[in-house]
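Presented below is the structure to which this report refers.
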Ligand code: ADE
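Numbering (the working numbering), first residue to last: 1435 to 1712.
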């Protein structure tokens, strides 16, 4: 997979070189290109924004700068900076390298040669685990990071000719710009690429992958500060442990995010557990 990020703060994307994403870069599963938008600015001040038509506070990012930037990145003619991995990880097995899942090649998710353009904005569709899953099959994703009051809307409308465009929000709050949202979205996507996380079960049991929040987890010691690990986890009975985990997931979801239960297929046993938790 190739990710390209267009931003006025290239250094903000540096965390993508670390940890699991750094490992994916090192393995050749992932390439990350970071592009300074000011490289496409044409005036002496390298300005990328201007005051909004119709008045109001803040600044809007200019179409004459964004348009050529997205054209060049889509065409693969923009050099940018290709991130290297921050650490040599390959020699060190990670704690989650259990099943050794092979890497695979990618096909575009929607039967199209167009790259996917993701524009993070609080005015976008909510980003979900299902999006992360679908986009983990993409070959090339470009992120456009807006700042200030956003990007002139015509940039997004015009980009639809060269890209499949998605405007997405990572939550109901406003960040200063799209860079942190890109870190969030990129990490959620890349960890789902086979061969990156190593252990496939790690994400099959993730919160949201079955529509439920994940229940609690425990490790040694058995008793810590007087608090005991639930005894069922020592039973050696996998069916019992799986049932207990499902119950915990159901009860946590009911307590914290009850609206998620509307989209989960519940068995009569699940329903009985939920009724007991009310
Ligand atoms: N840019 C600013 N706020 C954002 C949000 N909540 N999600 C995505 N991009 C943003």
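Ideal Cβ positions, reconstructed from N, Cα and C, are used throughout, including at glycine.
Excluding five sequence neighbours on each side, which residues of the same chain lie with their C-beta closer than 6 Å to the C-beta of residue 1492?
Within the chain shown, residue 1492 is the residue found at index 58, counting from 1. Cβ neighbours of residue 1492 beyond the five flanking positions: 1582, 1583.
Tell me whether the stretch 1613-1630 and the stretch 1439-1449 touch, counting them as touching only if at least three CB pairs, one residue from each stretch, are closer than 8 Å.
With the cut-off at 8 Å, the stretch 1613-1630 and the stretch 1439-1449 touch.
Put residue 1471 into one of helix, strand or coil per three-state DSSP.
For the purposes of this step, residue 1471 is taken as residue 37 along the chain shown, with counting starting at 1. In the structure shown, residue 1471 adopts helical secondary structure according to DSSP, grouped into three states.
Among 1682, 1658, 1660, which residue has its Cα nearest to the Cα of residue 1666?
Looking up residue 1666 in the chain shown gives position 232. In terms of Cα proximity to residue 1666, the closest of 1682, 1658, 1660 is 1682.
Please report the straight-line C-alpha distance between residue 1460 and residue 1488, rounded to a whole angstrom.
Here residue 1460 refers to the residue found at position 26 of the chain shown. Here residue 1488 refers to the residue found at position 54 of the chain shown. Computed Cα separation, rounded: 48 Å.
C-alpha distance - residue 1454 paired with residue 1512, whole-angstrom precision
Residue numbering aside, residue 1454 sits at position 20 when the chain shown is read from its first letter. Residue numbering aside, residue 1512 sits at position 78 when the chain shown is read from its first letter. In this model, residue 1454 and residue 1512 are separated by some 26 Å (Cα to Cα).
Residue 1691 versus residue 1474 - alpha carbon distance
Sequence index remark: in the chain shown, residue 1691 carries index 257 (1-based). Sequence index remark: in the chain shown, residue 1474 carries index 40 (1-based). In this model, residue 1691 and residue 1474 are separated by some 44 Å (Cα to Cα).
Cβ separation of residue 1626 and residue 1567, assumed to be a contact under 8 Å, to the nearest whole Å
Start at 1 with the first residue of the chain shown, and residue 1626 comes out as number 192. Start at 1 with the first residue of the chain shown, and residue 1567 comes out as number 133. Between residue 1626 and residue 1567 the beta-carbon gap is near 6 Å, inside 8 Å, which marks them as a contact.
Straight-line gap, residue 1558 to residue 1668 (C-alpha atoms, nearest Å)
Residue mapping note: residue 1558 aligns to position 124 of the chain shown, counting from 1. Residue mapping note: residue 1668 aligns to position 234 of the chain shown, counting from 1. About 46 Å.
What number of angstroms, rounded off, separates the C-alpha of residue 1651 from the C-alpha of residue 1664?
By one-based count along the chain shown, residue 1651 stands at place 217. By one-based count along the chain shown, residue 1664 stands at place 230. Using only the alpha carbons, I get a separation of about 10 Å.
Check residue 1556 in the structure and name its three-state DSSP category.
On the chain shown, position 122 is the one that residue 1556 refers to. It is a strand residue.
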